[in-house]
Amino acid sequence: MRYFSTVIGGAICGALCFGIWPEMWKSYGIMGGWITATVVIGICWYMNHWLGVIWNQPGRIWVDQGWAVSAAGISWTMVRFNSQFQRALPAVCCCMLGGALAGIAAVQVKRRHLAMADSSPTPGPESGSHV
597 MRYFSTVIGG AICGALCFGI WPEMWKSYGI MGGWITATVV IGICWYMNHW LGVIWNQPGR
657 IWVDQGWAVS AAGISWTMVR FNSQFQRALP AVCCCMLGGA LAGIAAVQVK RRHLAMADSS
717 PTPGPESGSH V
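With the sequence shown counted from 1, adding 596 to any position gets you my numbering.
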C-alpha cells in the first residue's frame with residue numbers, strides 16, 4: 597500500500613505541475629510561474645511529505661517529487677509535441693549526472709562541516725513534533 601500511495605502522490609505532483617504551471621506562465625508571465633511554483637510545490641510537499649502520502653524509508657533521502665515532475669515533464673512533452681523519448685535522453689543524462697555530483701558534494705560538505713554532522717531530520721508526523 598505504501599508503494600501505491602507513493603505512485604499516487606508523485607502522479608498528483610507531476611500532473612499539477614504540468615497541468616497548471618504552463619498555463620499560469622502563459623497568462624501571467626514570470627510572476628505566474630513563481631506563484632504557481634510556490635503554491636503547487638508547497639501543496640505537494642505538504643501532502644507528500646508532511647502528511648506522508650509518499651513513503652520514504654527512514655534514514656534515507658529520496659528525490660521523489662523531482663522524479664515525479666521530471667517523468668511528468670517528459671511524458672507531457674512527448675504527448676503535447678509528438679516528440680520521441682530518445683530526443684530527451686541527453687537532457688535526462690545531464691540531469692542525472694548533475695544530481696549525482698550534487699549528492700557527492702553534499703556528502704563531502706556534511707563530512708567536513710561539524711554543524712551539519714549532528715543535524716536532526718526535519719520534523720514530521722513520524723517524529724512526533726509538529727511545528
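Note that the Cβ used here is the ideal one computed from N, Cα and C, for glycine as well.
(1) Do the region 607 to 627 and the region 644 to 664 meet, that is, are 3 or more Cβ pairs less than 8 Å apart?
(2) Does the pairing of the region 694 to 702 with the region 665 to 681 give three or more beta-carbon distances under 8 Å?
(3) Check whether the Cβ of Leu-612 lies closer than 7 Å to any heavy atom of the ligand FMN, and answer yes or no.
(4) For Phe-614 versus Gly-669, is the C-beta distance shorter than 8 Å?
(5) What is the rounded straight-line gap between the Cα of Ala-702 and the Cα of Phe-681?
(6) Identify, in the order they occur along the chain, each residue of the same chain with its Cβ nearer than 7 Å to the Cβ of Ile-616, setting aside the five sequence neighbours on each side.
Checking against the coordinates, here is how it stands:
(1) yes
(2) no
(3) No copy of the ligand FMN occurs in the structure displayed, which carries no ligand at all.
(4) Yes. Within cutoff.
(5) Answer to the nearest angstrom: the Cα atoms are 30 Å apart.
(6) Thr-632 and Val-636
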